[in-house]
Structure formats: structure tokens, C-alpha cells
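Chains as they are written, first to last, in our numbering: chain C, 1 to 236; chain X, 1 to 236.
There are 2 protein chains.
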Amino acid sequence: MSTTVPAYRRIQTAVQQLITRKGLKPGDNVPSERELAKLHGVSLMTARHALTVLEHEGVVERRRYAGTFVAQPRIHFNKLTSYTEEMSSRGLAPHSRLITGKVIYNEDEIVAQLNLPPGSAMVKIERIRYASDEPFALETCYLPNAEFPGLLAKHLGTNSLFFVIENEFGITLSYADEEVDATAADERVAALLSLSCGSPILRICQVIRSSNNRPIMYVIGQYCAQRHTLFIRRFR
Amino acid sequence: MSTTVPAYRRIQTAVQQLITRKGLKPGDNVPSERELAKLHGVSLMTARHALTVLEHEGVVERRRYAGTFVAQPRIHFNKLTSYTEEMSSRGLAPHSRLITGKVIYNEDEIVAQLNLPPGSAMVKIERIRYASDEPFALETCYLPNAEFPGLLAKHLGTNSLFFVIENEFGITLSYADEEVDATAADERVAALLSLSCGSPILRICQVIRSSNNRPIMYVIGQYCAQRHTLFIRRFR
DNA sequence: AAGTGGTCTAGACCACGGC
DNA sequence: CCGTGGTCTAGACCACTTC
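Written out as C-alpha cells, the structure is:
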């Protein structure tokens, strides 16, 4: 079972709820480190930790000598989220269509990305993602078959893959390394996403890792560039 | 003048030098938190801080209960670097060509991105970036003219813009928020980058901020997708 | 002058991996 | 069993902003 939630996580969600519940606008200030520490009965370093995470996610903005403030708009930078989570955080209903769901044995390039022995069986899942009834992405996922027995029976047309992995298989995800580039839609992708051949596609290849840094899933996302932008934050 | 370098920064660069000097390979372990603390005469939290930053940059990988190790490749994830820094970190010579360098008054969309009053004067700088004599990117920068008097006289064909901003104007950069999408090369870009019209282009629009979170520079980068990939890391 | 975030200390306990 | 990273404490000083 899961261990107890760390204090800094509780504070983190508490601050986020404070923002949404009180309807704080960008620029409004949130409690200072010292206030949070007192409020939650923790030490200063712990309160700081919570704010540091929120800053990296783009929820909050810190100004030295001045305070901590609600950040500009609402994109969660650099945060690994599922399509389902992303949609519901924007108040939209997720909607997908399962195109492929089978076990494969012969894609050795991806086997290598997942650090598996050559010839290993993998589950391959292809889904089309919709935003308000318009298809905007084709996502192809690969997972080691040995670690996810019965995965294909989980109604992946309607269930969140992240949810199944984390809750039904008890795996904690930690981070993803991603390669981003641009391509043109080939015939198949164009047909699936209702585009013309050659339309610009934003391609994102992720290696998602579990808590012990083992690769757990390889995902190729092909996003219709007109309907999707990626937001990131980089620090100096 | 500049203040003293924080201890965690010193440890950070010390670890990086250790890796390059000893030629450590991915998977080799670096000193543990406790070792680093003893080595540099700092407390455990400070040594941890250094490793946390290195982990976010993708230099180092931590495995709970096991240790800290040199990370897989050597791309510096999520780190705001200049073209010049990126090239020299790969042992390549930077090479650019200045296309445009002038003061403009009439691009109000960008004026808004920089939080300036409407009609403000901005410096506009366009440069082509080369990788081993092949053009691979067109970068267009906008800066508030009032804050950078004499910027255009700084030999921007050869000098690093980041260097000039940080050292000659004494500004500390903190982070950049970026929008990434895919497009097709228009006629001008195609000509400048020796591509055919319609080739896939990875476009990155950055708002770079100084230490007090004021926008300092707006950059539109258009990268030839065949010759450039973006690496990022996202955390759960 | 009061308050803020940034840095730092010198300890502590925990859960787990590898020996 | 020992060493590891992850979490946490209860303080401290600094440089600076805002009032």
C-alpha cells in the first residue's frame, strides 16, 4: 500500500486549493514561507520545499524580498500528466478512440528504449485523442508485457492508462525524458487526424520511468500542430 | 559587484568537473550526499541541494537506497542556455550570421509579451545559427531598447547575446517560459536555411526573464527539424 | 523597521538495496 | 547490517523591498 503523504505535498495541494477556492488571480500573493510553516506546523525548509515545487510547475512565482504570488496563467509547466488529467484540469471531458491494442514481439528499437532483452513481448496501444470532438493527436504506447499482465482487458478506450498503471498495478511514476521535433503528417496519420498529407506535426517521444528510474513505458505522440502547443519552462 | 557564489553552486560545478575530468561514464556513481557534505565541509541539506539541481538538469540520476549516478546522455535538460554555450559544451565552435539589427517601434504583439507600454522602442536582432557550416536555425530576438543602450554596437555577429546581457549590462537571467509548436518553412525561412518551402520547422517562442521576473527578451527560434531536436524532462 | 525569499547548519528518523 | 536517498526540525544570517 501507499506510505503516508509527505508534509510538503500536503502543503502543496493546500496552496493550490487556496488558489482555486479563493479564486486568486495572477499576481495575488499567497502565504509567505513563514506563514505556511506556522499554518501547517512544519519547519521553514519544509514549507520552502512545497513552494519550490509549485514554482517549478509554474503555479506560483517568487520575488525575492517581496513575496510569493500566483503565477500568470494556468499551464502546468514541466509536469508529467496524462491526457485524461490534462483535459479534466481544463474542465474538458477526455475522449479517446482505441485503434490498436495487442502484444507484439518484433520492434527492437523500442525494446532497447525500454531496456528490455531483445525479442521481449510488449503491449502496443494506439489511441486517437479528441478535444471537443476534433481529433488532435495520435498516441502510440509500448509497455513491457511481462510487467502488465491483463493490461489489454482494462477498457483503455475509456480508462486512463496512467490511472491503471498507478492504481491497479501499484507503480509510482517519477519522470519522463522527452525528445521533441517537427515532422509532416504521413498518409496514415493524416487520415486518422482528418488532416491533409504533409500537415505540420509536433512529435513527442517519451520514455516514462517508475520510481526506481526503470523505463516503464515508451510513448510516441503525434500532435496536430494547429491544435496543440507545448509549454515548457527552462531555468538558468 | 557580484556577491559570493553559494556553496551548493560550487559543489554543483565540482561534481560536473569530477565527471568530465575523470571521464566518468553513464551509470558510474558519483559521491553520495554524505560524502559530498564531508568533502566540502557543508551540511547534508546543502549537498542535497546541489545534487537536486544536477538531477533536474539531467546530469545525474538518483536511485533511492542505492546512490547517485552519472546520467545517460549528456543533454542538459530544462536548462536555459545560449546557442554559444550549447555549442561550446559540445566542443563545437559557434558560428552565426547577423541578418537584422535595428530599433523598431511598431510590433505591438511583442511589446505586450515584454510588458512594455504600447509603442515602446525595441531592439530587433535576427541571426542565422550554423552547426558545422550548415545553417540550422533562424533566431529573432526582441529587447526593450530603453534598457540596452548601445546594444547594437556590440558585434552581435560574433559575441554571445547572453554574455553581453549578463556581463556588460549586469543583468541576472532566471528562467524562460517557452511555447513549442511545429510549422512549415515559409519562403523567407526556406531561403535563409537552404530548405525547400514547406519543410518541417520546430518553432520555439521564449519569454526570458531576469532575476526579478521581469521579461527581458522575447525570442522566436525556427529550427530546421531534420537537424534539431529538443530534449526536455518532465516530473510527476 | 518589518517582512521577504535565499542560503545554511547540525543534527534526526525512515524504508529499502545490496552484501 | 551498513549505506543510501527522502523527509524533516528548529534554529540562523543575509540582502533587499515595501511601507
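Virtual Cβ for every residue (Gly too), placed ideally from N, Cα, C. The structure presented is a predicted model; accordingly, all values stated were derived computationally and were not measured.
Residues within the region 173-200 of chain X neighbouring chain C, beta-carbon criterion of under 9 Å:
Residues LEU173, SER174, TYR175, ALA176, ASP177, GLU178, GLU179, VAL180, ASP181, ALA182, THR183, ALA184, GLY198, SER199, PRO200.
Would you mind sorting C/LYS79 into buried or exposed? The rule is 16 or more other CB atoms within 10 Å of its CB.
Burial state of C/LYS79 is buried, judged by a 10 Å Cβ sphere holding 16 or more other Cβ atoms.
Can you tell me where the beta strand (DSSP E) with C/THR229 in it begins and where it stops?
For C/THR229, there is no enclosing beta strand (DSSP E), as DSSP marks it with neither H nor E.
For X/ILE171 versus X/SER210, is the C-beta distance shorter than 7 Å?
The beta carbons of X/ILE171 and X/SER210 sit closer together than 7 Å.
DSSP beta-bridge partners for C/ILE200?
Checking the sequence shown, residue 200 of chain C turns out to be Pro, not Ile. Looking at the DSSP assignment, C/PRO200 forms a beta bridge with C/ALA184.
Take the Cβ of X/MET122 as the centre, count every other Cβ of all protein chains shown within 10 Å, and call the residue buried at 16 or more, exposed below.
Per the 10 Å Cβ criterion, buried.
Taking the Cβ atom as the reference point for each residue, do C/THR84 and C/SER132 lie within a distance shorter than 7 Å?
At a Cβ-Cβ threshold of 7 Å, C/THR84 and C/SER132 do not count as neighbours.
Quick check: is the beta carbon of X/THR4 nearer than 7 Å to any beta carbon in chain C?
No, no contact with chain C.
Report the option in C/ASN212, C/ILE208, C/GLN72 whose CA atom is closest to the CA atom of C/ILE220.
Per the Cα distances, C/ILE208.
How is X/ALA37 classed by DSSP in three states: helix, strand or coil?
X/ALA37 falls in the helix class under three-state DSSP.
Starting from the beta carbon of C/PHE231, find every residue of chain X whose beta carbon is closer than 8 Å, and list them in chain order.
ASP177, GLU178, GLU179, VAL180, listed in chain order.
Three-way DSSP call (helix, strand, coil) for C/TYR83 in this model
Secondary structure at C/TYR83: helix, using DSSP grouped into helix, strand and coil.
Restricting to Cα atoms, I'd like to know which of C/TYR130, C/THR140, C/LYS124 is closest to C/ALA153.
C/ALA153 has its Cα closest to that of C/LYS124, out of C/TYR130, C/THR140, C/LYS124.
Can you give, in chain order, each stretch of the alpha helix (DSSP H) that sits fully within the region 91-137 of chain C and has at least 4 residues?
Under the rule that a run must span 4 or more residues, the alpha helix (DSSP H) segments found entirely inside the region 91-137 of chain C read 108-113.
With DSSP collapsed to three states, give me the class of X/GLU168.
X/GLU168: helix per DSSP, three-state reduction.
Quick one, are the C-beta atoms of X/ALA184 and X/GLY198 less than 7 Å apart?
Yes, the Cβ-Cβ distance between X/ALA184 and X/GLY198 is below 7 Å.
Using 7 Å as the threshold, is the C-beta distance between C/ALA7 and C/THR52 below it?
One thing to note: C/ALA7 has its Cβ no nearer than 7 Å to the Cβ of C/THR52.
C/PHE235 at chain X interface by Cβ criterion, 7 Å:
Interface residue, yes.
Tell me the DSSP bridge mates of X/ARG209?
BP columns for X/ARG209 point to X/TYR175, X/PRO215.
Meets three-Cβ-pair contact criterion under 8 Å: the region 212-228 of chain C and the region 55-67 of chain X:
Output reads yes: the region 55-67 of chain X touches the region 212-228 of chain C.
Between C/HIS95, C/GLU35, C/HIS155, C/GLN12, which has its C-alpha nearest C/GLY101's C-alpha?
Comparing Cα-Cα distances from C/GLY101 to each of C/HIS95, C/GLU35, C/HIS155, C/GLN12, the minimum goes to C/HIS155.
Which residue comes first and which comes last in the beta strand (DSSP E) that contains X/VAL70?
Start and end: 67-70.
Run through chain X and tell me which residues come within less than 8 Å of C/ALA225, C-beta to C-beta.
The contacting residues are ASP181, ALA182, THR183.
I want to verify the contact list: residues of chain C whose CB lies under 7 Å from the CB of X/ASN167, in sequence order.
Neighbours of X/ASN167 in chain C, taken as residues at a C-beta separation under 7 Å, are lacking, since the least C-beta distance is about 14 Å.
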